[in-house]
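First residue of the sequence shown? That's 462 in the working numbering, and the numbers climb one at a time after it. Built from N, CA and C at the ideal position, the CB exists for glycine as well.
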Amino acid sequence: MNKIFKPKLFSILKTGLEKKQISRDVMSGIVVGIVALPLAIAFAVASGVSPEKGLITAIVAGFLISLLGGSRVQIGGPTGAFIVIVYGIVEQYGVDGLIIATMLAGVFLVIFGLLKLGTLLKYFPHSLVVGFTSGIALVIFSTQIKDAFGLSIEKVPSGFYDKWMIYFANIDSINWIAFALTVATILITVFSKKIVSKIPGSFLSIIIITLVVHLFHLEVPTIETFFGEIPNKIHITTPHFQFADLQSYIAPALTIAMLGAIESLLSAVVSDGMIGGKHRSNTELIAQGIANIVTPFFGGIPATGAIARTATNVKNGGRTPISGIVHAITLLVIMLFLGKWAKLIPMSCLAGILIVVAYNMSEWRSFISILKGSYFDILILLTTFFITVFYDLTLAIEIGVLLSAILFMKRMADISDKRINNIVDNDIIENYSDFPDKINIYEISGPLFFASARRYSEAIEEVGLKCDVLILRMRHVSFIDQTGFHNLKDAVNILRNKGITIILSGVNAEIREDLKKYQLTDLIQEELILDNFSKATEKAYEILGLTARAN
């Protein structure tokens, strides 16, 4: 257990902390708390629950994930990815059902961590992740149309197609003031950082729009219209349910657990790249599980690692879990002393913030990039996307995982069918000890596809960070899939940001074309993509201004 569950905070405290870093973490935590405030409220409202549940989740889960998690900088709380599944559970089972499903999801997450599944979950194809992330983004956007336009609709259907039919049927009830406030919110959220860089755009938009509405007595729906007063206390909640009904919560709980695990580990990987760190996957899953077991007792909803808030933490100097703990304390103080004012926030303002969130989630650039790739990647992308949008997120994940397994078998079959003897680079050099310390060589010994891409990219980063020039030998790489290119691109970006030059050696003609298609030639100049190892070593010596060794 000690080897599996090792919270980063405890390890950091053992090695000691500088006072400067503690002050940076405290300041970063306060900023992230302010960023999280409007998002926590917006995610709760969009999920069909009262606003304080979002705040409670950000406070309790955010505190526990930072205290017990396996990442230095992860910020936990409610996220946009959960809106679709939470809304569906509340519609079908009520709030008590959501509490049970969330706690059960927490149990699954702890089990995932104890079984060391954290490393496996990182190997899902990129096309699968983009498929349901883009699908969720479109669903979130569609749920905000009513409030964005101020439409007079008493009950919005849950189905995507039905939603849009009722929107068009009520198009004549548009509240143009509400629509103008939505547009203003989007513009302030997106562009305010160019003028006031230190205040988060979403927070600024809530302050400005709320003041405008109440100073000019504009008639638009607010949080108070639908939810009344926002409590400034946290109460213990106990759900009412029958044990006989427990099995009906297993499917939604597994969906929450899978979605939470994937998003939190994706966030941890992204933050690793930003700080040059390495998270502990299984510890992170156990911490996420504990947070989701405990948070519902206080009235919270599902929580996971939040990529945008984690990135904000890093950009503001946060480097230890102290910043995440301070973020939770900041939100608690705001809720206790300023929460009563949150009821004045216009619904159109929250809609504007969520539309920006949906756009940022959409990953449209990755979506288009995958559509240029292999047929199987396109199949996984479009299948998970359309099932998420038109049917059900639970089914989308189930079918996506099944397609991933089929893809894995296909890739393994491709490996056995490929012949290595047509690779251009045929020279065999096993001993690299003659090279100077500033040059490192790493060889990829097989195809770079979704099942191996993460491990190879981590190794490339580790080897590359110890030199000035990294020669990446690719003579035995018979093919690279979309996930492989995505991970390779991330590794190259990290090394380039550290000032390290990457040279590719033994690249066959097919992969060279794919490098152009996936825009890796924007990161690695074509003169550094070479067909044999001798040319690569000559180039490395030339870059360093050294005399090339005798062959």
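- Item | Reference Leu1014, options Gly558, Leu842 and Pro692, closest by Cα | The structure shown has nothing for residue 1014, since the chain only spans 462 to 1012.
- Query: What are the start and end residues of the alpha helix (DSSP H) that includes Ser784?
  - Reply: Ile783 to Leu799
- Query: At what residues does the alpha helix (DSSP H) containing Glu904 begin and finish?
  - Reply: Run containing Glu904: none in the alpha helix (DSSP H); it sits in the beta strand (DSSP E), Ile900 to Glu904.
- Chain-order list of residues whose beta-carbon lies under 8 Å from that of Gly549 (same chain, five-residue window excluded): Ser619, Pro713, Asp853 and Leu854
- Task: Output yes or no for whether 8 Å exceeds the beta carbon distance between Pro539 and Ala764.
- Result: yes
- Proximity below 8 Å, CB of Ile502 to CB of Pro512: yes
- Query: Quick check: the region 528-543 against the region 744-757, are there 3 or more CB pairs under 8 Å?
  - Reply: yes
- Message: To test your reading of the DSSP string, which unbroken beta strand (DSSP E) runs of 3 or more residues are found completely within the region 506-587?
- Response: none
- Query: Is DSSP giving Thr855 helix, strand or coil here?
  - Reply: When secondary structure is reduced to three states using DSSP, Thr855 falls in the helix class.
- Message: With a threshold of 8 Å between beta-carbons, can Ile963 be considered close to chain B, or not?
- Response: Reference to chain B is not applicable here, since this structure consists of a single protein chain.
- Could you say which of Leu989, Phe585, Gly555 and Leu811 lies nearest to Ala507 if we only look at CA atoms? Leu811
- What three-state label does DSSP hand Ser966 in the structure shown? The answer is strand: DSSP assigns Ser966 an E or B state.
- Task: Enumerate in chain order the residues of its own chain whose CB-to-CB distance from Phe759 is below 7 Å, with the five nearest sequence positions on each side excluded.
- Result: Ile517, Val521, Ile695, Ile697 and Thr698
- Item | Residue nearest to Leu559 in terms of C-alpha spacing, selected from Asp608, Gly490, Gly537 and Phe702 | Phe702
- Does the region 664-680 come close enough to the region 641-655 that 3 or more CB-CB pairs lie under 8 Å? yes
- Item | Simplified DSSP state of Leu474, which is helix, strand or coil | helix
- Item | Cut-off 8 Å between Cβ atoms - residues of its own chain near Met822, not counting five sequence neighbours on either side | Gly541, Ala542, Thr594, Ser595, Ile597, Ala598 and Ile601
- Can you tell me whether His678 is buried or exposed, with buried defined as 16 or more other CB within 10 angstroms of its CB? exposed
- Message: So, with DSSP's three-state summary, where would you put Thr1008?
- Response: Residue state, collapsed to three classes: coil.
- Message: Taking 6 Å as the limit between beta carbons, can you name the residues of its chain near Val545, skipping five residues before and five after?
- Response: Ile597, Val600 and Leu854
- Can you tell me which of Lys607, Gly574 and Met564 puts its alpha carbon nearest to the alpha carbon of Leu815? Taking the Cα of Leu815 as reference, the smallest distance to any Cα among Lys607, Gly574 and Met564 is reached at Lys607.
- Task: May I ask you to report which of helix, strand or coil DSSP gives Thr765?
- Result: The three-state secondary structure of Thr765, taken from DSSP, is strand.
- Rounded to whole angstroms, what's the CA-CA distance from Val651 to Trp637? Just pull it up for me. 21 Å
- Message: Please report the straight-line C-alpha distance between Leu933 and Leu965, rounded to a whole angstrom.
- Response: Answer to the nearest angstrom: the Cα atoms are 5 Å apart.
- Assign Tyr903 to buried or exposed, taking buried as 16 or more other Cβ atoms, counted over all protein chains shown, within 10 Å of its Cβ. Buried is the label assigned to Tyr903, since at least 16 other Cβ atoms lie within 10 Å of its Cβ.
- Message: Judging by CA-CA distance, which residue of Ala505, Arg741 and Ser709 is the nearest neighbour of Gln535?
- Response: The candidate whose alpha carbon is nearest that of Gln535 is Arg741.
- Task: Tell me whether Asn883 sits in a helix, a strand or coil according to DSSP, three-state version.
- Result: Reliability fails at Asn883, whose pLDDT of 43 lies under 50, so the model's placement of it is uncertain and the value that follows must be treated cautiously. Looking at Asn883 - three-state DSSP - the assignment turns out to be helix.
- Item | Nearest neighbour of Lys475, chosen from Ile465, Thr781, Thr771 and Glu690 [CA to CA] | Checked all of Ile465, Thr781, Thr771 and Glu690; the closest Cα to Lys475 is Thr781.
- the region 969-985 touching the region 937-952, judged by at least three CB pairs closer than 8 Å: yes
- Message: Tell me the rounded alpha-carbon separation between Val938 and Arg973.
- Response: Looking at the backbone, the Cα of Val938 and that of Arg973 are separated by about 11 Å.
- Buried versus exposed call for Met564 [16 or more other C-beta atoms within 10 Å across all chains shown]: buried
- Going by alpha carbons, who is nearest to Gly750 out of Gly721, Asn774 and Val730? Gly721
- Task: Excluding the 5 residues preceding and the 5 following Val681 in the sequence, name in chain order all residues of the same chain whose CB lies nearer than 8 Å to its CB.
- Result: Gly611, Asn636, Ile638, Ala639, Leu642, Val674, Pro807, Met808 and Ser809
- Message: Assess contact between the region 827-839 and the region 574-588, defined as three or more Cβ pairs (one per stretch) separated by less than 8 Å. Is contact present?
- Response: yes
- Message: Would the region 826-837 count as touching the region 615-634 if we require 3 or more Cβ pairs under 8 Å?
- Response: no
- Got a sec? Which residues, its chain only, sit under 7 Å from Phe524 by beta carbon, not counting five neighbours each side? If you ignore the 5 residues before and after Phe524, its C-beta comes within less than 7 Å of the C-beta of Ile786 and Ala789, all in its own chain and listed in chain order.
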